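Enquirer: First to last, the protein sequences are chains D and H.
Going by this note's numbering, the first residue of the first sequence is number 52, and it counts up by one from there.
Going by this note's numbering, the first residue of the second sequence is number 1067, and it counts up by one from there.
Glycine residues also receive a C-beta, built at the ideal position from the N, C-alpha and C atoms.
Just so it is clear, the structure is predicted and the values come from calculations on it, not from any experiment.
Have a look at the structure that comes next, please.
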Amino acid sequence: MIPSASDVRDLWAKLNEARASIAATNLSDIEIATTEKDEIARDGNVRLFRYRPVVPDPIRIPVVLAYALVGRFTVADIAPDRSLVRRLLNEGLDLYVIDWGHPRAVDCKIGLDDYIRGYIDDFVDVVRFQSGAERVNLLGICQGGIFHTIYASLFPEKVNAVTTTVAPFDFHANEGDEQIGRGLIHIWARALKAADVDLAVDATGSLSGELMARYFGFMTPVSTMSKYTLDIAELADNEDLLRNFLMMERWLSDRPAHTAASLNQWIKDFYVDNKLARGEFKLGQQLIDLRKVVCPVLNIYAEDDVIAPPACSKALRNLIGSKDYSELSFPGGHIGIFVGKRAQSALSPAIAGWFRDRSH
Amino acid sequence: MVEENPPPSPLALSSWAGSFIQAMALAVDTHSSLMKSVAGFPQGPGDSANSTQTQNIPVDMRAASQASARAAVSTFSSFAEFLQQASAASLSAQQAAAREWGDRLAESFRAVVGTDPAVFLAASERDWSPNKVVLQSLSLADNRGVSIMADLARFLMTAQEASTKAASVMAVMNGAWLKAARTYADQAAPSAAAETKPAALQHAWAAVAEPILQDALRSDSFANAHASFLTASSRHAKARSALARRFADFIEVPSREEMNETYEAIQDLRREVRALKRLHKDLGNRGAETTPRGSNRLRARR
């Protein structure tokens, strides 16, 4: 297999064309997360926003959305035509979102307890006050799904229903999974001892977003190498593709640090010791018992998820006390199910419909 | 010392790839020209002097191209061998450089202190050692000087350890890259004569290489090498931090440890404030600044 000289020259020309297009792009034209929203509350760098409802009579019980700490919530609102947020608003949800912001050096001691019993609880109270609803619905993506589920076990009186998406709960459930490329972070973390994690976090402090991005890139070495090289040629004569590519790049480049205190507990208790699934996870001195999650739970996972392997997500069924538990799976990867048009067209009605049915 | 280089920008990467592609184009161009000039000579019975004319070239070129493709696959296999040798050579060169670097530093250390870093480090952890006496007698340092030299010794030793562990991680991945290259060469051989688009070539390479590399990434040997490297580089970071702390003391700026203590205190205060505000709310007292929770920490905007 060998390309002809003219094919190679064409490729070279396309690469040049694509590079010129990227260079000529005005970055202010590549805006993401443009759905209108208002800041409702703020605590340091962490903010609560409310999206402006687009239907006259939204579903009475508001929904609080939370994403993981290692990325921004903006992935749920990448572009107007690929926005989970817009679709959910169109479906009639009254939607709030927690923006974890970018932790600074002074925030390095913010732990998981501060995130869950601090920020989430404060913001849930704000939403309850503002909406007049006694309970709220929670929608969590990845780590945000775990946070929300733990929160529901601690404050069942404030939670009406929980939807988790691409969130792992039993971090060891993928042991023996033979699918290559899936759960690499789980495998690497399981080779660590708790003392290794203590030492690493003590030595390096908060985990920078750049380093985390490198780990994600390392999981697919060849694709990562070709992404900014040969693949760029495909963007040369397709303005939509180029625009979508740059929007995703904008989101990817906006990766916050994971605070040292939360990272330490996150890696040790979840990845290494799997304490949540074993019923041994503590926030402060309080033992977390997921069987206390008795509200309705919808658990959504992506079939090709390499970050949160399906087996780790589906384990939630046997960990919680809810009698109203549903599962939905969608084709796609960890992020693909939020930014792909086809996935969104099925995902948003499923989420909205499920909340609507349980928000009387 | 393990250095972390900033990641190359997408544009820089595409520029390098562009240069690579351009070089390929040039090579193919040169090859085509060569074929054309070869085709200018009589190829056998029936060939005429005008065989260099454009209409006759494609026939010659097809055969030449097929031969060239077969040669390319053969070259690819050779390249895989070369890669193996180069990577092994690079690895041993790196290890040798690390050893030489370590040896030179250790030699300098010995020249000043009169003993090996490891021996010195072990001795310095005792209350009394001849090394301390040596330092005192040389008027090089007081007890603080001994500690500084111990920190330096620890820094050197952890740097060497981290380099060694990094080489172990590289060894696992080098093996995987080599396997990918060989497998690709083997699989490409049957279709060597077929022409293909560059994108198809790239996809074929990715389809072969990605699973092989990911298989290596999920192996116990990689996970263990990675864990060892992480621990070694953390130890080195701690040793570097200890040296920095000495310097920070010297110029009277707070060290990282001191700042961490401050951050911890700030976070404790934040928690206390949060708890007090909740208590305040529970008692039904509204603060002067009206917010949904009666809190002036949690500033409500609407």
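Going along chain H in order, which residues have a C-beta closer than 7 Å to the C-beta of lysine 88 of chain D?
Expert: Ordered by position in chain H, no residue passes the 7 Å Cβ test against lysine 88 of chain D, which lies about 11 Å from the chain.
Enquirer: Counting only C-beta atoms, is tryptophan 302 of chain D closer than 7 Å to chain H at any point?
Expert: No, no contact with chain H.
Enquirer: If you reduce the DSSP assignment to three classes, tell me which class glutamine 337 of chain D lands in.
Expert: Here glutamine 337 of chain D sits in strand by DSSP.
Enquirer: For the beta strand (DSSP E) holding glutamate 90 of chain D, just list the boundary residues, first then last.
Expert: Per DSSP, glutamate 90 of chain D belongs to the beta strand (DSSP E) from 88 to 94.
Enquirer: Does DSSP classify valine 1274 of chain H as helix, strand or coil?
Expert: Helix at valine 1274 of chain H.
Enquirer: Among D:Arg294, D:Asp291 and D:Asp228, whose alpha-carbon lies nearest the alpha-carbon of aspartate 1281 of chain H?
Expert: Looking at the Cα atoms, D:Asp228 is the closest of the given residues.
Enquirer: Can you tell me the Cα-Cα spacing of glycine 195 of chain D and valine 1339 of chain H, whole angstroms?
Expert: Roughly 25 Å separates the two Cα atoms.
Enquirer: Who pairs with phenylalanine 174 of chain D in a beta bridge, going by DSSP?
Expert: None, per the DSSP bridge assignment.
Enquirer: Measure from the C-beta of threonine 255 of chain D to each C-beta in chain H and report whether the shortest distance is under 7 Å.
Expert: By this cut-off, threonine 255 of chain D is an interface position.
Enquirer: Is valine 157 of chain D close to chain H, meaning its C-beta is less than 7 Å from at least one C-beta of that chain?
Expert: It does: the Cβ of valine 157 of chain D has a partner Cβ on chain H nearer than 7 Å.
Enquirer: If you compare alpha carbons, which of D:Val323, D:Ile402, D:Ile112 and D:Pro382 is closest to alanine 242 of chain D?
Expert: Closest option to alanine 242 of chain D, Cα to Cα, is D:Val323.
Enquirer: Check leucine 66 of chain D in the structure and name its three-state DSSP category.
Expert: Helix, per DSSP.
Enquirer: Name, please, each residue of chain D whose Cβ falls closer than 9 Å to the Cβ of leucine 1342 of chain H.
Expert: In chain order: nothing, as chain D lies at least about 13 Å away.
Enquirer: Could you pull out every residue in the same chain whose Cβ sits closer than 7 Å to the Cβ of alanine 240 of chain D, ignoring the five residues on either side in sequence?
Expert: Same-chain partners within the cutoff: Ile318, Tyr322 and Val323.
Enquirer: In the DSSP assignment, find the alpha helix (DSSP H) that holds arginine 101 of chain D and state where it starts and stops.
Expert: Unbroken run through arginine 101 of chain D is the beta strand (DSSP E), 97 to 102; no alpha helix (DSSP H).
Enquirer: At a CB distance below 7 Å, what residues from the segment 94 to 107 of chain D approach chain H? Give them in sequence order.
Expert: From the segment 94 to 107 of chain D, only Asp94 have a Cβ closer than 7 Å to chain H.
Enquirer: Output yes or no for whether 7 Å exceeds the beta carbon distance between alanine 1228 of chain H and serine 1174 of chain H.
Expert: For alanine 1228 of chain H and serine 1174 of chain H, no; Cβs fall outside 7 Å.
Enquirer: Along the chain, where does the alpha helix (DSSP H) that runs through alanine 1314 of chain H open and close?
Expert: Note, alanine 1314 of chain H: alpha helix (DSSP H), 1286 to 1316.
Enquirer: Please report how far the alpha carbon of alanine 294 of chain D lies from the alpha carbon of methionine 1223 of chain H, in whole angstroms.
Expert: One detail in the question is off: residue 294 of chain D reads as arginine in this sequence, not alanine. C-alpha separation (whole angstroms): 49 Å.
Enquirer: In chain order, what residues of the same chain have a beta carbon less than 6 Å from the beta carbon of valine 414 of chain D, not counting five sequence neighbours either side?
Expert: Residue numbering for chain D in the displayed model covers 52 to 411; residue 414 of chain D lies beyond these limits and cannot be assessed.
Enquirer: Compare the beta carbon distance of isoleucine 91 of chain D and threonine 214 of chain D with 7 Å and say whether it is the shorter of the two.
Expert: Contact flag unset, no.
Enquirer: If cysteine 363 of chain D and proline 154 of chain D are in contact, beta carbons under 8 Å, what's the gap, nearest whole angstrom?
Expert: That pair is no contact at about 26 Å.
Enquirer: Looking at the C-beta of arginine 1284 of chain H, does it have a partner C-beta in chain D at a distance below 7 Å?
Expert: Output row for arginine 1284 of chain H: interface = yes.
Enquirer: Just the C-alpha distance for valine 148 of chain D and isoleucine 197 of chain D, rounded to the nearest angstrom, thanks.
Expert: Going by the C-alpha atoms only, they are around 16 Å apart.
Enquirer: Would a C-beta distance cut-off of 7 Å place alanine 284 of chain D and leucine 66 of chain D closer than the cut-off?
Expert: Closer than 7 Å, so yes.
Enquirer: Can the beta-carbon of valine 217 of chain D be found less than 7 Å from the beta-carbon of alanine 359 of chain D?
Expert: Going by C-beta atoms, valine 217 of chain D is nearer than 7 Å to alanine 359 of chain D.
Enquirer: Let me check understanding here. Comparing Cα to Cα, which of D:Asn289, D:Leu349 and D:Leu262 lies closest to glycine 122 of chain D?
Expert: Taking only the C-alpha atoms, the option nearest glycine 122 of chain D is D:Leu262.
Enquirer: Cβ atoms of isoleucine 81 of chain D and arginine 306 of chain D: under 7 Å apart, would you say?
Expert: In this structure, isoleucine 81 of chain D does not lie closer than 7 Å to arginine 306 of chain D by Cβ.
Enquirer: Quick check: the segment 249 to 266 of chain D against the segment 381 to 393 of chain D, are at least 3 beta-carbon pairs closer than 8 Å?
Expert: Verdict: no, contact absent.
Enquirer: Can you have a look at valine 178 of chain D and say buried or exposed, based on whether 16 or more other CB atoms are within 10 angstroms of its CB?
Expert: So valine 178 of chain D ends up on the buried side.
Enquirer: Going by C-alpha distance, which of D:Ala56, D:Ala130 and D:Arg70 is nearest glycine 391 of chain D?
Expert: Glycine 391 of chain D has its Cα closest to that of D:Ala130, out of D:Ala56, D:Ala130 and D:Arg70.
Enquirer: Using 8 Å as the threshold, is the segment 222 to 238 of chain D in touch with the segment 369 to 381 of chain D, meaning 3 or more CB pairs across them?
Expert: Flag = no, the segment 222 to 238 of chain D and the segment 369 to 381 of chain D do not touch.
Enquirer: Return the chain-ordered list of same chain residues with a C-beta closer than 7 Å to the C-beta of isoleucine 161 of chain D, the five sequence neighbours on each side being excluded.
Expert: Once the five neighbours on either side are set aside, the close Cβ partners of isoleucine 161 of chain D are Pro154, Thr310, Ala312 and Ser313.
Enquirer: What residues match up with aspartate 221 of chain D in a beta bridge as DSSP calls it?
Expert: Aspartate 221 of chain D is not bridged to any residue.
Enquirer: When DSSP labels each residue in this structure, what does tyrosine 376 of chain D get in the three-state scheme?
Expert: Residue state, collapsed to three classes: strand.
Enquirer: Could you tell me whether any Cβ in chain H is nearer than 7 Å to the Cβ of aspartate 132 of chain D?
Expert: So, not an interface residue.
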